[in-house]
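Enquirer: Shown below is the structure under consideration.
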Ligand SMILES: CC(C)(COP(=O)(O)OP(=O)(O)OC[C@H]1O[C@@H](n2cnc3c(N)ncnc32)[C@H](O)[C@@H]1OP(=O)(O)O)[C@@H](O)C(=O)NCCC(=O)NCCS
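Residue numbers (this note's numbering): 16 to 186.
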């Protein structure tokens, strides 16, 4: 954990953004989540897809939520999110994104650690994910958390014809 990110539910990022809490997404967070999603991905999920995800019992979306501070007026309320499925003994990470203004401040790590811990408490023994071969920031984060590559899915991201690296973490 970075020095700027103390353990616990609250903390202040390197850029003075206030991460108040990591909690389950609510319907009221949808607009904020969509801002982060669109900033993070060339082919963002639709609002409808997020709405549907919120209804699935097996799916959890955690958000890193902030509040306006004097240091950064008008900072976005949702600074990042992680989506995971819990199926049998496996946590599958579907999506992780942090708003550009909040990157490199430890929020991506905190979201992943929280998802993993919730999965562990629910009895999971394995965490899996796919990541683009070229996504060095994400690959670095996952390796740092102990994930190891176990295979390649060729042409998994069809739009760009890019391979996915499959990574797993044993709990
Ligand atoms: C990947 C992503 C979620 C990381 O979020 P973040 O909050 O910036 O990451 P953190 O600050 O928690 O970084 C944790 C560790 O990840 C690694 N890391 C993160 N960003 C990095 C970068 N740009 N270059 C190299 N390593 C990086 C580092 O090991 C870092 O630890 P350090 O800061 O102590 O060196 C963010 O870059 C993002 O939203 N990217 C676009 C969406 C995306 O690619 N999602 C992943 C899909 S699989």
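Beta carbons: idealized from backbone N, C-alpha and C, even for Gly.
(1) Taking the C-alpha atoms as reference points, what is the distance between residue 40 and residue 165?
(2) Closer than 7 Å by C-beta to residue 168: which residues in its own chain qualify, once you throw out the five before and the five after it? Chain order, please.
(3) Please classify residue 174: does DSSP put it in a helix, a strand, or coil?
(4) Between which two residues does the alpha helix (DSSP H) harbouring residue 63 extend?
(5) Between which two residues does the alpha helix (DSSP H) carrying residue 214 extend?
(6) Would residue 147 count as contacting chain B if we go by Cβ distances under 8 Å?
(7) Could you say which of 66, 103, 108 lies nearest to residue 130 if we only look at CA atoms?
(8) Where do the N-terminal and C-terminal ends of the alpha helix (DSSP H) with residue 132 fall, by residue?
(9) Apply the 10 Å Cβ neighbour rule to residue 23 and answer buried if 16 or more other Cβ atoms are within range, or exposed otherwise.
(10) Residue 124 to residue 138, Cα distance in whole Å?
(11) Check residue 111 in the structure and name its three-state DSSP category.
(12) Taking 7 Å as the cut-off, is the beta-carbon of residue 151 closer than that to any non-hydrogen atom of ligand 1?
(13) Since residue 36 and residue 80 are thought to touch, with beta carbons under 8 Å apart, how far apart are those beta carbons, to the nearest angstrom?
(14) Under 8 Å Cβ to Cβ from residue 163, same chain only, skipping five residues before and after it: list those, please.
(15) Out of curiosity, what's the CA-to-CA distance linking residue 160 and residue 74?
(16) Is the separation between the beta-carbon of residue 77 and that of residue 97 shorter than 8 Å?
(17) With DSSP as the reference, label residue 20 as helix, strand or coil.
(18) Which of the three DSSP states, helix, strand or coil, is assigned to residue 179?
Expert: By the coordinates alone:
(1) Residue numbering aside, residue 40 sits at position 25 when the chain shown is read from its first letter. Residue numbering aside, residue 165 sits at position 150 when the chain shown is read from its first letter. Each residue's Cα considered, the two are about 31 Å apart.
(2) Taking the chain shown and counting its residues from 1, one reaches residue 168 at position 153. Only 145, 178, 179, 181 meet the Cβ criterion.
(3) As a first step, residue 174 must be located in the chain shown, where it is residue number 159. In the structure shown, residue 174 falls within a coil segment according to DSSP collapsed to helix, strand and coil.
(4) Here residue 63 refers to the residue found at position 48 of the chain shown. From DSSP, the alpha helix (DSSP H) with residue 63 extends over 62-70.
(5) The first residue shown for the chain is 16 and the last is 186, placing residue 214 beyond what the model contains.
(6) Looking at the structure shown, chain B is missing, and only one protein chain is on hand.
(7) Taking the chain shown and counting its residues from 1, the one referred to as residue 130 is at position 115. Cα-wise, what sits closest to residue 130 is 108.
(8) Here residue 132 refers to the residue found at position 117 when the chain shown is read from its first residue. 122-136 is the span of the alpha helix (DSSP H), which, as asked, contains residue 132.
(9) Position 8 of the chain shown, counted from the start, is the residue given in the question as residue 23. Bear in mind that the predicted position of residue 23 carries a pLDDT of just 36, short of 50, making it unreliable; the figure below should be weighed with that in mind. Burial call: exposed.
(10) Here residue 124 is taken as the residue at index 109 of the chain shown, counted from 1. Here residue 138 is taken as the residue at index 123 of the chain shown, counted from 1. The C-alpha of residue 124 lies about 21 Å from the C-alpha of residue 138.
(11) On the chain shown, residue 111 is found 96 positions in, with the first residue counted as 1. When secondary structure is reduced to three states using DSSP, residue 111 falls in the strand class.
(12) For the purposes of this step, residue 151 is taken as residue 136 along the chain shown, with counting starting at 1. Answer for residue 151: yes, Cβ within range of ligand 1.
(13) Reading the chain shown from its first residue, position 21 is the one you call residue 36. Reading the chain shown from its first residue, position 65 is the one you call residue 80. In this structure, residue 36 and residue 80 form a Cβ contact; the two beta carbons are roughly 6 Å apart against a cut-off of 8 Å.
(14) Here residue 163 is taken as the residue at index 148 of the chain shown, counted from 1. The answer, listed in chain order, is 182, 183, 184.
(15) For the purposes of this step, residue 160 is taken as residue 145 along the chain shown, with counting starting at 1. For the purposes of this step, residue 74 is taken as residue 59 along the chain shown, with counting starting at 1. Going by the C-alpha atoms only, they are around 22 Å apart.
(16) The residue given as residue 77 occupies position 62 in the chain shown. The residue given as residue 97 occupies position 82 in the chain shown. Cβ atoms of residue 77 and residue 97: closer than 8 Å.
(17) Position 5 of the chain shown holds residue 20. Residue placement at residue 20 cannot be trusted, given a pLDDT of 27 that sits under 50; the coordinates are not used to answer.
(18) If you number the chain shown from 1, residue 179 lands on position 164. Looking at residue 179 - three-state DSSP - the assignment turns out to be strand.
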